[in-house]
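Sequences listed follow chains S, D, B and F, in order.
Under my numbering, the first residue of the first sequence carries the number 1, and numbering increases by one thereafter.
Under my numbering, the first residue of the second sequence carries the number 1, and numbering increases by one thereafter.
Under my numbering, the first residue of the third sequence carries the number 1, and numbering increases by one thereafter.
Under my numbering, the first residue of the fourth sequence carries the number 1, and numbering increases by one thereafter.
Beta carbons: idealized from backbone N, C-alpha and C, even for Gly.
If you're wondering where the values come from, they're calculated on a predicted model, not measured in any experiment.
There are 4 protein chains.
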Amino acid sequence: MQIDQNKIDGYNSQSLRKHERALAFLQGEIPHAAEIISQLGEFQIAIPSWALGTGGTRFGRFPAGGEPRNLEEKIEDIGLLHRLNRASGAISLHIPWDIPEDPAHIRAVAAAHGLKFDAMNSNTFQDQPGQAHSYKFGSLQNVSRDIRQQAIEHNIEVIRHGIALGSESLTVWLSDGSCFPGQLSFRKAFENTLEGLSEIYAELPDNWKMFVEYKAFEPNFYSTTVGDWGQSLLYASKLGPKAYTLVDLGHHLPNANIEQIVALLLMEGKLGGFHFNDSKYGDDDLTVGSIKPYQLFLIFCELVDGMNARGMKHATDLGWMIDASHNVKDPLEDLLQSVEAIQIAYAQALLVDRKALTAAQERNDVVAAQEILQQAYRTDVRPMVAEARLRAGGALEPLSVYRGEQVRAGLIRRRGLVTIATGL
Amino acid sequence: MQIDQNKIDGYNSQSLRKHERALAFLQGEIPHAAEIISQLGEFQIAIPSWALGTGGTRFGRFPAGGEPRNLEEKIEDIGLLHRLNRASGAISLHIPWDIPEDPAHIRAVAAAHGLKFDAMNSNTFQDQPGQAHSYKFGSLQNVSRDIRQQAIEHNIEVIRHGIALGSESLTVWLSDGSCFPGQLSFRKAFENTLEGLSEIYAELPDNWKMFVEYKAFEPNFYSTTVGDWGQSLLYASKLGPKAYTLVDLGHHLPNANIEQIVALLLMEGKLGGFHFNDSKYGDDDLTVGSIKPYQLFLIFCELVDGMNARGMKHATDLGWMIDASHNVKDPLEDLLQSVEAIQIAYAQALLVDRKALTAAQERNDVVAAQEILQQAYRTDVRPMVAEARLRAGGALEPLSVYRGEQVRAGLIRRRGLVTIATGL
Amino acid sequence: MQIDQNKIDGYNSQSLRKHERALAFLQGEIPHAAEIISQLGEFQIAIPSWALGTGGTRFGRFPAGGEPRNLEEKIEDIGLLHRLNRASGAISLHIPWDIPEDPAHIRAVAAAHGLKFDAMNSNTFQDQPGQAHSYKFGSLQNVSRDIRQQAIEHNIEVIRHGIALGSESLTVWLSDGSCFPGQLSFRKAFENTLEGLSEIYAELPDNWKMFVEYKAFEPNFYSTTVGDWGQSLLYASKLGPKAYTLVDLGHHLPNANIEQIVALLLMEGKLGGFHFNDSKYGDDDLTVGSIKPYQLFLIFCELVDGMNARGMKHATDLGWMIDASHNVKDPLEDLLQSVEAIQIAYAQALLVDRKALTAAQERNDVVAAQEILQQAYRTDVRPMVAEARLRAGGALEPLSVYRGEQVRAGLIRRRGLVTIATGL
Amino acid sequence: MQIDQNKIDGYNSQSLRKHERALAFLQGEIPHAAEIISQLGEFQIAIPSWALGTGGTRFGRFPAGGEPRNLEEKIEDIGLLHRLNRASGAISLHIPWDIPEDPAHIRAVAAAHGLKFDAMNSNTFQDQPGQAHSYKFGSLQNVSRDIRQQAIEHNIEVIRHGIALGSESLTVWLSDGSCFPGQLSFRKAFENTLEGLSEIYAELPDNWKMFVEYKAFEPNFYSTTVGDWGQSLLYASKLGPKAYTLVDLGHHLPNANIEQIVALLLMEGKLGGFHFNDSKYGDDDLTVGSIKPYQLFLIFCELVDGMNARGMKHATDLGWMIDASHNVKDPLEDLLQSVEAIQIAYAQALLVDRKALTAAQERNDVVAAQEILQQAYRTDVRPMVAEARLRAGGALEPLSVYRGEQVRAGLIRRRGLVTIATGL
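Shown next, in the form of structure tokens:
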């Protein structure tokens with residue numbers, strides 16, 4: 001299902017005057033608005049293929065209907081998002097949920113929608129039908145060499161799929177860990193995992209990166225074998241220069257200072273990618289910016305500052321991805337909200353007067369430092385985000401177009417009410 | 001599948017000498033050991049019908065095989081546990097997972113295993129096939145009168161099933177809540193829920209109790225409509241004398257002092273039931289006593305003291321139940337471990353020198369108060385627990401018998417490897 | 001130390017054009033901007049007398065200089081804040097730190113600064129020189145009748161001081177609790193505390209309110225005798241219609257949903273007062289809005305909605321107070337930031353399209369509900385806040401005037417560098 | 001104040017028969033009891049000089065009386081503890097609270113009590129009278145080179161004092177961090193801190209170790225510059241082979257798996273020291289084993305296993321220290337309880353059947369693994385701990401002797417009621 005450019009232009013023309021008034025006001029306030037708009041235009045966030053269907057919890061799942069039934073339809077859905085916001089120009093695949101039987105065809109479908117292939121994701125946290133060994137007690141950490149080998153080979157297979165599609169990175173999230181004290185030897189689990197990661201690392205093409213994702217808990221509820229940034233960094237450091245840490249916002253203990261973690265990983269040259277979502281309790285996988293938007297802004301402040309300090313390009317030198325679940329919202333609407341929240345936080349971070357901030361820090365002027373950050377955060381930057389979309393051919397108000405065009409109803413008509421996309 | 005009493009006796013005779021030596025030592029240390037053993041003998045913990053199969057998380061499920069395929073087999077499994085530990089003499093059913101088509105037959109099956117029917121559990125957190133309305137946005141809290149009515153009627157139906165089986169209580173756990181700020185009006189959600197609970201309450205037989213269970217989060221990740229003990233107590237107080245609060249150990253925010261909550265609810269005459277499990281992060285549903293055994297002991301100290309203060313009978317005046325999930329353990333082994341952990345904590349609490357404790361409290365002797373508690377906690381009370389089992393005809397070492405008799409292998413032979421019991 | 005109105009007008013004239021441009025833009029966006037500005041103008045936040053000095057932790061304290069040396073100077077400092085922001089028109093006293101030896105004089109001093117006397121605060125968490133009994137093991141909870149009586153009499157004395165000054169409420173924050181399991185009987189502690197509160201309650205004048213503040217932990221680290229909103233509500237309900245719960249933002253367990261607590265307390269007619277601050281870990285007492293501004297907004301949404309539902313006047317029917325500590329900031333600058341953050345959140349909450357929100361809730365349109373809230377939150381409402389100040393005679397930019405006039409330097413000149421105000 | 005050996009022997013003779021009965025029972029259960037008793041006898045825990053007085057919180061302090069007035073009296077107090085439990089044979093000093101004006105004399109005093117000098121502790125979290133620069137905004141992280149230099153020199157001075165006393169390690173705990181977003185550059189703070197630590201490191205004698213302690217929060221409430229084990233390990237790795245991480249049990253975010261951290265640090269060869277205490281909410285500094293004794297046991301399981309794997313000597317190859325605060329207990333009684341709790345956990349860990357545990361892990365037998373751990377944990381090992389004391393000349397029941405001899409009353413008589421020891 002597609003939305004014609006004419007349609008989008010039509011919606012835009014309706015809200016253009018209001019938009020231009022707001023933008024003009026903002027441009028009067030912000031001397032370098034044009035530069036921010038330009039940077040926003042370049043910033044793309046990958047959409048994971050599994051975020052296009054209704055998510056669930058262990059207690060149940062309430063499907064919404066019209067979910068994509070195959071990889072082509074997933075690409076189509078992201079294409080639709082990208083057409084509306086011009087900021088979702090990449091897809092992140094999950095194997096085995098998205099095995100591309102005909103890579104050339106899939107590449108062509110994606111290209112037709114203007115989409116690139118972001119990080120490939122492996123899955124050793126579930127057993128697949130016909131699988132020789134079970135991951136019940138972990139994959140790369142497993143005491144059994146056979147099981148570890150199976151997990152290694154799966155990851156190498158994922159790399160191969162990625163190469164065929166033009167991806168350049170592999171995200172390894174292991175749910176490995178334990179539910180009870182005594183269940184495993186932390187040390188052996190670490191050593192086995194490192195050994196397995198090393199064998200996978202050895203298969204990476206030269207231009208690839210490996211992202212080692214960490215998570216504090218769930219689905220294991222006593223320990224996790226890649227449990228925090230410190231452990232991930234240990235693995236990444238021992239693996240080599242192509243290995244990096246991946247930060248998922250929901251994967252921390254309560255009250256963790258994520259922005260500091262981001263700053264330190266960038267300092268070490270070991271931050272590789274980012275999974276956006278929001279949460280109140282754990283890995284709640286809620287819409288980005290729906291619970292703690294100020295934290296998101298502070299994280300972007302560190303990202304911008306840390307990347308600038310290393311001469312990294314914001315748009316391309318980290319892997320940006322949404323990783324959320326959509327239990328009570330239309331997944332596509334949720335993603336539109338998430339992308340906008342990310343863009344807003346990014347724009348606010350670009351707005352920070354860093355020179356003044358550094359000066360305030362140098363004189364320990366805590367009050368001024370807070371004023372400088374909040375001056376940026378309290379500014380309503382939405383007109384700049386909308387302008388960036390407009391200039392790229394997208395919609396001033398993506399959600400309004402999505403609803404105006406009754407996209408979900410159309411998808412249900414085409415795909416049926418009871419389709420269920422792969423995912424959690 | 002059953003284990004002959006002869007078999008159990010045979011195992012017992014093997015470890016009897018060792019047991020008697022340990023018991024004799026303990027009896028020399030504890031003047032009122034006989035009384036504690038007697039109280040242990042009366043104490044029964046209900047097993048929920050859904051805890052007999054392998055649990056899972058939203059990320060996956062790794063079945064163990066041999067799981068009960070129907071209600072009769074669930075009763076059979078609990079009968080087996082009870083035969084081993086003589087402390088699992090009740091079953092708690094969940095509707096619609098355990099609808100008793102022929103109540104008289106089911107009662108007879110349970111009676112044959114020496115089991116009673118504990119609290120009935122309703123389910124409005126999942127949609128059932130053919131259900132008219134969805135609980136996607138809650139049940140009793142729902143903005144739709146029709147959906148609320150459906151949930152009310154379901155609960156009333158559960159009461160009817162319970163009456164037919166001889167149960168005398170209804171546990172209402174609502175997953176109602178919200179995932180995002182703004183999603184619902186907290187006030188209207190409370191009012192709707194109260195109204196619905198009142199209509200259910202009106203259908204309770206005179207000798208029944210209603211347990212209003214609370215939970216801080218999951219599966220809703222922003223708010224829960226019965227979110228903490230304060231909210232549950234508000235509902236229970238407004239409903240009337242048959243309504244009580246139910247405490248599940250895993251349903252609290254981090255660091256909550258659960259023993260104080262227990263003490264206050266008992267003080268108010270509003271503690272009705274208890275769901276045992278253990279956890280590190282959230283509602284992890286781990287084996288009782290596997291993570292925080294000292295907390296379990298402290299809770300039992302408050303239970304014993306608070307029930308004594310109100311003249312309540314430990315064994316019968318609260319609803320005792322395990323509510324756990326078994327992701328990496330054989331469910332029956334897990335339950336044996338859980339029941340023993342509960343018995344140990346109960347025995348330790350009975351061992352506390354309450355007179356000395358009160359005296360220490362009266363003189364603010366904090367050091368002595370701790371010594372008194374830890375004197376009880378550090379004592380190895382297992383011989384008394386084993387003796388209580390022995391006297392009731394159970395096994396000195398239930399787990400050894402279970403393993404020695406290769407019960408799981410037998411269950412798999414009879415029921416198959418891929419059976420999946422209803423549950424989470 | 002005072003700042004002449006002429007001075008303030010002078011600063012205002014410098015930034016007036018920029019302000020008017022921003023306000024005009026906002027008025028074009030918000031039809032009822034005038035009403036919001038008017039409501040902002042009425043809203044006053046009390047400043048606690050102990051927040052005027054540098055705070056500290058158990059590890060140390062780093063005084064800033066120029067702190068008020070007595071009650072008159074504290075009033076003077078708040079008068080200065082109020083002159084700048086016209087929103088700090090009340091002072092909340094703490095006994096024994098602020099005993100007014102000559103109440104008539106103190107009333108006159110306050111009146112000269114346009115200040116009222118908000119809630120009186122008692123102190124039974126510290127021992128004062130010459131005090132007969134120690135509060136080491138609690139005050140109202142204490143096992144000793146004599147100590148409880150001393151605490152009761154102290155509170156009654158605080159009421160008398162409050163009557164003399166024209167205050168109409170008493171805030172009782174008890175640090176009572178325990179540091180170790182076994183230290184106290186939760187039940188007896190509750191009963192003693194209730195009895196003591198009842199005796200204090202009996203001395204309240206007819207037009208007075210009593211606020212029962214709760215706190216999860218610190219300075220006691222195992223249990224607190226008024227530990228959460230549920231306990232506070234139990235006390236307040238048993239005490240009678242003049243007793244209310246007071247919510248301090250920093251007094252919760254990790255991840256607590258404070259906005260829901262606020263909504264339920266308002267529903268029950270038992271929310272009495274509010275202590276603003278911000279925190280990441282515990283009772284961190286940081287500047288309001290510096291860590292979780294979105295949570296602050298959500299709380300204000302519930303306050304506005306809940307008060308409207310009961311026909312309460314926002315400005316006067318709850319006790320609004322800042323309760324923070326200022327370890328690394330100039331206390332007066334911190335308070336200016338805090339008041340502004342409160343006003344911003346209040347303005348955003350007033351901006352919420354409640355009719356549309358209710359409609360979205362009625363149709364379970366979670367996406368729209370979030371859009372409605374965030375439309376208000378993302379709006380830059382600062383020009384309305386500034387306009388409210390301007391109309392009341394305050395400063396467009398209070399902090400700029402404060403710094404421009406070098407107030408702190410002036411205070412140090414007058415009062416000295418090593419003065420230390422009473423407080424934590 | 002001293003307790004004669006005769007006195008101790010007298011007490012011992014009274015409880016000897018009961019002890020021997022319990023020990024005999026235990027020896028019948030545990031084949032290698034003798035070895036455990038021997039290991040217990042070698043294990044010594046250092047007492048920090050600041051733990052001998054009553055602690056406090058920012059809300060107040062309630063002194064107990066008889067606190068040591070100088071370093072000699074601190075040594076005397078620890079000597080008394082050591083005489084009772086024969087397991088507190090070391091003292092850890094804090095500079096500037098314990099500057100040894102005459103090192104030779106202080107060494108002699110300590111030697112007379114059988115005490116060694118454990119790690120030296122520096123203090124850059126408070127300002128001392130006459131100090132040139134303030135640590136209000138941090139010490140080694142500070143933006144000012146002068147302030148950093150002052151902190152560096154202080155640490156070097158602490159090393160010098162340590163050399164004079166025969167200590168061989170320096171513990172650096174920095175409270176450095178920030179209270180507000182924007183206050184500091186995380187990266188520059190890290191770099192400054194690393195630079196400062198390097199300069200201190202360069203002054204370490206060859207046989208010395210430097211312990212880099214981490215802490216999640218407090219007294220800074222937004223970020224800490226050595227905030228978690230990952231950061232500490234980064235510093236220690238960059239510093240060199242004499243730098244290690246120090247783990248304090250209370251310095252973590254809620255729900256952290258400390259035992260896993262311990263295992264990984266040992267695996268990396270970078271665990272240097274340990275601060276024992278217990279807590280429910282934060283750095284509560286409660287008596288060891290008073291809140292989470294099972295966690296303490298699990299940590300000791302990792303310590304024993306990890307040290308064995310590296311061929312480390314339990315008694316000497318890590319720095320063992322108590323770091324607690326005593327707000328409501330007699331400090332010396334608290335320390336006696338803490339040492340015993342540590343010994344119990346250590347004995348239980350030694351009791352674990354590690355061969356069986358490894359075998360269970362190798363077959364993923366989670367149930368058996370738990371049984372093996374809990375078999376050790378549930379055993380009442382106190383008779384072995386008491387026996388170790390007895391053999392070394394200590395008291396079977398140290399607390400009973402302490403109370404029987406009315407030590408606190410004696411200390412108050414000698415030192416006065418209002419003495420206040422240095423510390424928090």
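Is the Cβ-Cβ distance between residue i and residue j less than 9 Å?
i      : j      : result
D118/B : S167/B : yes
A51/D  : L335/D : yes
Y346/S : L40/S  : yes
D248/B : F274/B : yes
L170/B : N121/B : yes
W320/S : Q44/S  : yes
I91/D  : S49/D  : yes
Can you give me the Cβ contacts of residue i inside the same chain, cut-off strictly under 6 Å, excluding the 5 residues immediately before and after it?
i      : result
E37/F  : According to the sequence displayed, residue 37/F carries Ile and not Glu. Contacts found: M384, E387, A388.
Q348/S : F297, A376, Y377, V381
G65/S  : I412, L417
Locate the alpha helix (DSSP H) running through residue i, then write down its first and last residues.
i      : result
P410/B : What sits at residue 410/B in the sequence shown is Gly, not Pro. 407-415 is the span of the alpha helix (DSSP H), which, as asked, contains G410/B.
G79/S  : 71-85
What is the residue span of the beta strand (DSSP E) that residue i lies within?
i      : result
T245/S : 243-248
L428/B : With chain B running from 1 to 424 in the structure shown, residue 428/B is simply not present.
M307/F : Careful: M307/F lies outside any beta strand (DSSP E), inside the alpha helix (DSSP H) at 293-310.
A46/D  : 46-48
A90/B  : 90-92
I322/S : 319-322
Using a Cβ-Cβ cut-off of 7 Å (strictly less than) and excluding sequence neighbours within five positions of residue i, which residues of its own chain qualify?
i      : result
L286/D : N277, D278, S279, A324
P96/D  : N123, Q128
Near residue i, which residues of its chain fall below 8 Å by C-beta distance, leaving aside the five closest residues on each side in sequence?
i      : result
Y201/S : M210, L239, G240, K242, A243
Item checked: Start-end ranges of the beta strand (DSSP E) lying completely within the stretch 160-222 of chain S, minimum 3 residues -> 169-173, 209-213
Note to self: When you compare the stretch 242-255 of chain F with the stretch 252-259 of chain S, are there three or more beta-carbon pairs, one atom per stretch, that lie closer than 8 Å?
What the structure shows: yes
Check: Are the stretch 140-156 of chain F and the stretch 171-188 of chain F touching by the rule of at least three beta carbon pairs closer than 8 Å?
Finding: yes
Notebook entry, point to check: What are the start and end residues of each continuous alpha helix (DSSP H) run of 4 or more residues lying completely inside the stretch 345-396 of chain D, in chain order?
Noted result: 354-362, 366-378, 382-391
Check: Taking three-plus beta-carbon pairs below 8 Å as touching, is the stretch 207-219 of chain D in contact with the stretch 227-241 of chain D?
Finding: yes
Item checked: 4 or more residues per run - each alpha helix (DSSP H) lying fully within the stretch 93-158 of chain F -> 103-112
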